[in-house]
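Take a look at the structure below.
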Amino acid sequence: MSISSALPDLRESYPPHAPGSDPQQSTSLLGLVPGILLLFVVGYAGKFVEHFLNTYTKAHHIVFPNIEYVLWAIVFGILIANTIGLPKIFRPGVATYEFWLKAGIILLGARFLLGDILKLSGISLVLVAIAFTLSIAFMTWLGHAFKLSPKLTTLLAVGSSVCGVSAIIATQGAIEADEEDTSTAIAAILALGAVSLFTFPLIGHALHLSDHAYGIWAGLAVDNTAEATAAGALYSDIAGKYAVLAKTCRNALIGFVVLFYAVQWAKQGLASAKANQQLQNKAAFLWKKFPKFVLGFLLISLVATLGTLDPKLYPHLAGLVPFGFTKPQVLALGNLSRWAFLLTFAGVGLRTNLRDLFKQGARPFIVGALGEVVIAAITLALVYGADRLYKL
Amino acid sequence: MPSKSHKKFSLSTDTWAVLLSLALALLIRLGLLKTVAW
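Chains as they are written, first to last, in our numbering: chain L, 1 to 392; chain W, 1 to 38.
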């Protein structure tokens, strides 16, 4: 039996959303345990190898670069998924990696002060708006040039300019795209996300980008939230933090983008009856598409900020200070967030299907890849400029 | 005619993630979970 025929079809086995958001998936809590344990084992193996190599090389005075546990966890996951494959028993639990990602992001809110979030979100949102406009225009032109179907072009444009798989899934319903176009767009975005894990840190180091600038660049340019978080964490802890913040800004815009496309398709009479009905109440449409974990992130950050307020500077808020987190509590929440991300990174590796790099057909991949390169260059120039102007 | 079925109580991944995170944050805030090693 060839290796490729023994591999599981990860696109079917690993829905882009963890149990709970996928109505077709009804796995019992017990059924999730083996996969979650596997995520932990793979992630912890990555952490162990990083620690072991650091200790060993230091003890033996060997010059060796510090390779973060993030990379080890992803590589171990890729190796398992693409060689021996995953037995079915692990699949439901492994698919929860998106759940851990969101929990990790919410808990990471404790490491941000609300003022910093507002400042950086403001800058990020302006950068997102500029990058989004340019990248949608470029991707649409590229799709036409390569004669892709308008719906596939739309899905690729949304996936690469806004926020990856979630945006594609959300847009699919609004524009009535068929399953094949959706799977192709998702496969292209995931494959390119896997490539970005290895290329972004190299480019960042080559350009000597600061942790802040690199993190925001990764958050703005890498499509899928899990890969953006990993690409940031591969550079440094601080870069990972800022990548999450920039990516969360992009995620918050998902509703507006899907609404824009839904309205466009409805104007042309191409939207489904269901989509037309949903468009009657645009506020409800936006709320439905809004990623709720962003609110959790802001709430945790608000409580953390309360704990840092100086009663002398803010006497009217002095009564709220005792409700905030103390420093050791912020540290504990930050560590919980790291554990959640550990499971996520293992899941990213276990979900990455190298076959998709070759399987999806050349044209969508070329369009996606060209789009990614141009979007990465545009966002890099924007971040570079913003870093000079605002000292990110 | 579509069959009647029990409407399952289900929450989105986002909502579950928010609930779990807030529960953990509360445990830490109340001092029931004091330290988390990394």
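Cβ atoms here follow ideal geometry from the backbone N, Cα and C, with glycine treated the same way.
Keep in mind the model is a prediction, meaning the values are calculated, not measured.
Exercise. How is PRO87 of chain L classed by DSSP in three states: helix, strand or coil?
Worked result: Under the three-state reduction of DSSP, PRO87 of chain L is assigned to coil, being neither helix nor strand.
Exercise. Whose C-alpha, out of L:SER196, L:PHE64, L:SER210, is nearest the C-alpha of LEU370 of chain L?
Worked result: Closest by alpha carbon: L:SER196.
Exercise. Between ALA228 of chain L and PHE200 of chain L, what straight-line distance do the alpha-carbon atoms span, to the nearest angstrom?
Worked result: Between ALA228 of chain L and PHE200 of chain L, the C-alpha separation is close to 10 angstroms.
Exercise. Three-state secondary structure (DSSP) at LEU354 of chain L?
Worked result: coil
Exercise. Should LYS98 of chain L be flagged as near chain W, meaning a C-beta pair shorter than 8 angstroms?
Worked result: The question names Lys, but residue 98 of chain L in the sequence shown is Glu. Yes, because at least one Cβ of chain W sits closer than 8 angstroms to the Cβ of GLU98 of chain L.
Problem set entry | N- and C-terminal bounds of the alpha helix (DSSP H) containing GLY143 of chain L | 114 to 145
Exercise. Beta-carbon of SER21 of chain W versus every beta-carbon of chain L: anything under 8 angstroms?
Worked result: yes
Exercise. In chain order, what residues of the same chain have a beta carbon less than 7 angstroms from the beta carbon of PRO150 of chain L, not counting five sequence neighbours either side?
Worked result: none
Problem set entry | LEU320 of chain L at chain W interface by Cβ criterion, 8 angstroms | no
Problem set entry | Candidates L:ALA273, L:GLY159, L:TYR69, L:TYR384, of which the one nearest ILE186 of chain L by Cα | L:GLY159
Exercise. Is the CB of PRO65 of chain L under 8 angstroms away from at least one CB in chain W?
Worked result: no
Exercise. Can you name, in chain order, every residue of its own chain whose Cβ lies under 7 angstroms from the Cβ of GLU50 of chain L, other than the five neighbours on each side?
Worked result: ILE67, GLU68, TYR69, TRP72
Exercise. Which chain W residues are close to ILE332 of chain L, counting only those with a beta carbon under 8 angstroms from its beta carbon?
Worked result: Reading off the sequence, residue 332 of chain L comes out as Ala, not Ile. Here the neighbours are ILE28, LEU33, LYS34, THR35, VAL36.
For this session: Measure from the alpha carbon of LYS288 of chain L to the alpha carbon of each residue in L:VAL257, L:GLY269, L:LYS267, L:LEU299, then state which is nearest.
Result: L:VAL257
For this session: Spell out whether any CB of chain W is found under 8 angstroms from the CB atom of LYS274 of chain L.
Result: no
For this session: State yes or no: is the beta carbon of GLN329 of chain L nearer than 8 angstroms to at least one beta carbon in chain W?
Result: yes
For this session: Please compile the residues from chain W whose C-beta is within a distance smaller than 7 angstroms of the C-beta of ARG338 of chain L.
Result: TRP38
Exercise. If you run the structure through DSSP and keep just helix, strand and coil, what is VAL475 of chain L?
Worked result: One cannot answer for residue 475 of chain L here, as it falls past the ends of chain L, which runs 1 to 392.
Exercise. Do the CB positions of ILE375 of chain L and SER161 of chain L come within less than 8 angstroms of each other?
Worked result: For ILE375 of chain L and SER161 of chain L, yes; Cβs fall inside 8 angstroms.
Exercise. For ALA266 of chain L, which of L:ALA218, L:ILE169, L:GLU176 has the nearest alpha-carbon?
Worked result: L:GLU176
Exercise. For ILE80 of chain L, which of L:LEU209, L:GLY347, L:ALA362, L:HIS208 has the nearest alpha-carbon?
Worked result: L:GLY347
Problem set entry | For PHE293 of chain L and TYR14 of chain L, the rounded distance between their alpha carbons | With a pLDDT of 39 at TYR14 of chain L, under the threshold of 50, the modelled position of that residue is not reliable, and the figure given next carries that caveat. Their Cα atoms are separated by approximately 21 angstroms.
Exercise. ILE401 of chain L versus chain W: which residues are under 9 angstroms apart at the beta carbon?
Worked result: Nothing about residue 401 of chain L can be reported from this structure: the residues present for chain L run from 1 to 392 only.
Exercise. Leaving out five residues before and five after GLY215 of chain L in sequence, what residues of the same chain have Cβ atoms less than 6 angstroms from its Cβ?
Worked result: GLY232, ALA239, TYR242, ALA243
Problem set entry | Distance between LYS47 of chain L and THR424 of chain L (C-alpha atoms, nearest Å) | No answer is possible for residue 424 of chain L: the residues shown for chain L start at 1 and end at 392.
Exercise. Taking the C-alpha atoms as reference points, what is the distance between ILE168 of chain L and VAL63 of chain L?
Worked result: 44 angstroms
Exercise. Are the C-beta atoms of LEU107 of chain L and some chain A residue less than 8 angstroms apart?
Worked result: The structure shown contains no chain A; its protein chains are L and W.
Exercise. Which chain W residues sit within Cβ distance under 7 angstroms of LEU380 of chain L?
Worked result: By Cβ distance, chain W contributes nothing, its closest Cβ being about 30 angstroms from LEU380 of chain L, past 7 angstroms.
Exercise. If you draw a straight line from the C-alpha of LEU302 of chain L to the C-alpha of LEU320 of chain L, how long is it?
Worked result: 11 angstroms
Exercise. Of the choices L:LEU336, L:ALA218, L:ALA377, L:GLY255, whose alpha-carbon is the least far from that of ALA17 of chain W?
Worked result: L:LEU336
Problem set entry | At least 3 beta-carbon pairs within less than 8 angstroms: the segment 325 to 333 of chain L vs the segment 135 to 153 of chain L | The answer is no - the segment 135 to 153 of chain L does not touch the segment 325 to 333 of chain L, with fewer than three Cβ pairs under 8 angstroms.
Exercise. With C-beta atoms as the reference, is LYS76 of chain L less than 8 angstroms away from VAL42 of chain L?
Worked result: For the record, residue 76 of chain L in the displayed sequence is Phe; it is not Lys. Here PHE76 of chain L is near VAL42 of chain L, since their CB atoms are less than 8 angstroms apart.
For this session: Using a threshold of 8 angstroms, state whether the C-beta atoms of ALA230 of chain L and ILE106 of chain L are closer than that.
Result: no
Problem set entry | Outcome for ASN461 of chain L when other beta-carbon atoms lying within 10 angstroms are tallied against a minimum of 16 | In the structure displayed, chain L extends from 1 to 392; residue 461 of chain L sits before or after that span and is not available.
For this session: Give the secondary structure of GLN268 of chain L by DSSP, where H, G and I count as helix, E and B as strand, and everything else as coil.
Result: coil
For this session: Identify whether VAL195 of chain L lies in helix, strand or coil by the three-state DSSP scheme.
Result: Here DSSP, grouped into helix, strand and coil, assigns VAL195 of chain L to helix.
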